[in-house]
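These notes are about the structure you will find just below.
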Amino acid sequence: MCFSEKNFNALMATAIMLILVIPVGIANVWLGYVVGESPCVLCWWERIGMILVGLLGLFILRYGPRLRYVAAVFFIAAFGMHMGLRHLGNFVQLDVDMGLGASILGVRTYTWAAIVYWAVVIVMSLFLIFIKKSAELNADFSGQRNVIKPFSAYGKVVFYLSFALVISNGVQAFFTNGIPPYGGKAPTDRMSLNLAMSSKTWERYVWD
């Protein structure tokens, strides 16, 4: 099969769906607004990393797989993997089903963070292998081509879903954690859109 630029863009858009829209969407919309869970400090770092990886994927769709974008994905994946394993390490010694937070498909959310970032590293490594098979993508990666590419219809759907989720996460972060100098908190309280109530538990200790 010819690994064309069109095929690459379709796979990249799907990867963005799998790293940003689906896991972040479930955590934000379902666990946050429906179930009422609030992310702790480590949860936010893990989620922010997924959002940044997804946004870099959109940059790759728009401007091609340039070296700086690919390198940034690996750096953020390393950071997210560290946060995921650090988070998992707090509960890995417990017995089955004794962890904190909700589970998705039987796996706790902080465990999914480590799994997702491992998947990012593997998928981006595979993309690097196949980039060489396309003259256009290879030119983007080496800096020999500098073009702005239009989104496909599928890419536009992914872009708008990603944009909506970033805004939605900003809303959740505001109600649960407040604005600087307030920061994340742990343990967390229930998600509430009642600002008068939620602002009573905003914390600054994360900066101490």
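Our numbering applies: residue 14 is where the sequence shown begins, and numbers increase by one. Backbone N, C-alpha and C define an ideal beta-carbon position, used for all residues, glycine too.
| Item | Value |
| --- | --- |
| Could you work out which residue in L24, N190 and S138 is closest to E50 when comparing CA atoms only? | N190 |
| Could you give the distance in angstroms between the alpha-carbon of I89 and the alpha-carbon of L206? | 30 Å |
| Might you give, ordered along the chain, the residues of its own chain that have their beta carbon closer than 8 Å to the beta carbon of I161, omitting 5 neighbours on each side? | R75 and Y76 |
| What are the boundary residues of the alpha helix (DSSP H) that includes T124? | T122 to I144 |
| Compare the Cα-Cα distances from V17 to each of T214, F140 and S211 and report the closest residue. | Rather than Val, the amino acid found at residue 17 in this sequence is Ser. Nearest of T214, F140 and S211 to S17, Cα basis: F140. |
| Among G45, F21, H95 and T27, which has the Cα closest to the Cα of N182? | G45 |
| Where do the N-terminal and C-terminal ends of the alpha helix (DSSP H) with L31 fall, by residue? | L31 -> no alpha helix (DSSP H), and no H or E assigned at all. |
| Is it the case that the Cβ atoms of L102 and Y130 are separated by a distance below 7 Å? | Sequence inspection shows Gly at residue 102; the Leu mentioned does not correspond to that position. Contact flag unset, no. |
| Check whether chain B comes within 7 Å of G102, counting only Cβ atoms and requiring the distance to be less than that. | In the displayed structure, chain B is absent; only one protein chain is listed. |
| Comparing alpha-carbon positions, which option in Q185, I61 and Y82 lies nearest D153? | Y82 |
| Determine the closest residue to A126 out of T214, V66, I192 and R203, with distance taken between C-alpha atoms. | V66 |
| Taking P36 as part of the alpha helix (DSSP H), name the residues at either end of that continuous run. | I35 to G38 |
| So S181 is in the alpha helix (DSSP H); what residue range does that whole segment cover? | A166 to N190 |
| Assuming P52 contacts T214 (C-beta within less than 8 Å), just tell me the rounded distance between them. | The Cβ separation is near 14 Å, so there is no contact. |
| Whole angstroms are fine: how far does the CA of I135 sit from the CA of M204? | 34 Å |
| Go ahead and pull the three-state DSSP assignment for G97. | helix |
| I need the straight-line Cα distance from A186 to A148, nearest angstrom please. | 43 Å |
| In terms of residue numbering, what span does the alpha helix (DSSP H) encompassing L65 cover? | V54 to Y76 |
| Per DSSP, what kind of secondary structure is E216 in: helix, strand or coil? | strand |
| Around the C-beta of M14, are 16 or more other C-beta atoms found within 10 angstroms, so that it is buried, or is it exposed? | With a pLDDT of 48 at M14, under the threshold of 50, the modelled position of this residue cannot be trusted; read the value that follows with caution. That one is exposed. |
| Name the residue from N41, I32, L118 and A23 whose alpha carbon lies nearest to the alpha carbon of F188. | N41 |
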